[in-house]
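Numbering (the numbering used here), first residue to last: 563 to 816.
As structure tokens, the structure follows; a few thoughts come after it.
Written out as structure tokens, the structure reads:
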């Protein structure tokens, strides 16, 4: 979304057999829900992000519970991350659920320094872990895997590798959350750009490596910078011999 007074950007990373449908649904529904929120109209952008994400999650639940022949998608075992950036009135507002990260590139002398604006929501974080356990879930790493995942206690599903998301209704029964964590930062001259990207970027590139790569390109080549970032992430996945994850990145100059 882009107008004279507000710009809204987002990255979604679907997972599960219908993750592409869930992320498409959120992509279509969220911008309108966000700008129509009364909190948004009052200037409380952080709260509007929180409430809009909760609302779209409820909509996913409603769609999933429709009669089979009329159901657009099933979000029981499929979901999406969501990282949102709103630029309004010389401030940037960020909200996120999941492990799609938002990183600010800030000038420090001759260097560009990475500043992570949201944390990755992983099940083994202390507060996330406690919420999951108190909701009847379990967090464990199964043999042959490296990721901590959410399971129903005593069972072997759903195995979600993040502690917050949209959709993933089975995981939400045992402590997964759709409540976004947010921050608001005044835009200052030392802020150069923001990078929003899926974990397909962050799994093999640090936040500092990402802002260093993007800073090689001038403002006029912002699309080239985003493409170069995705190519480098792809190269590292390929060199690691791994199945390549979805790679999505947006670069926003301030």
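A virtual CB, placed ideally from N, CA and C, is assigned to each residue, including glycine.
For residue 758, DSSP records a beta bridge to 664, 812. When secondary structure is reduced to three states using DSSP, residue 745 falls in the strand class. Going by DSSP, residue 769 is part of the alpha helix (DSSP H) stretching over 769-776. Secondary structure note for residue 722: its beta strand (DSSP E) is the uninterrupted segment 720-722. If you look at residue 587, you'll find it in the alpha helix (DSSP H) that goes 581-598.
C-alpha of residue 765 to C-alpha of residue 662: approximately 10 angstroms in a straight line. Take residue 595, set aside five residues on each side of it, and the residues of its chain with a beta-carbon closer than 7 angstroms to its own are 614, 617, 618, in chain order.
A check of alpha carbon separations from residue 612 across 601, 772, 621 identifies 601 as the nearest. Beta-bridge pairing by DSSP links residue 631 to no other residue. When DSSP states are grouped into helix, strand and coil, residue 728 belongs to the strand group. Assigned with DSSP and collapsed to three states, residue 734 falls in helix.
Between the alpha carbons of residue 671 and residue 752 lies a gap of roughly 9 angstroms.
Boundaries of the alpha helix (DSSP H) around residue 797: 784-802. Per DSSP, reduced to three states, the secondary structure at residue 571 is strand.
About 35 angstroms separates the beta carbons of residue 652 and residue 693, which is beyond the 8 angstroms limit, so they are not a contact pair. C-alpha of residue 687 to C-alpha of residue 637: approximately 24 angstroms in a straight line.
Taking a C-beta distance under 8 angstroms as the contact criterion, residue 733 and residue 720 qualify as a contact pair.
The C-beta of residue 724 has 16 or more other C-beta atoms within 10 Å across all chains shown, which makes the residue buried. With a threshold of 16 other beta carbon atoms within 10 Å, residue 605 falls short and is exposed.
Within the DSSP secondary-structure output, residue 701 pairs in a beta bridge with 712.
In this structure residue 567 is exposed. Its beta-carbon is surrounded by fewer than 16 other beta-carbon atoms within 10 angstroms. Shown here, residue 655 sits in a strand according to DSSP, grouped into three states.
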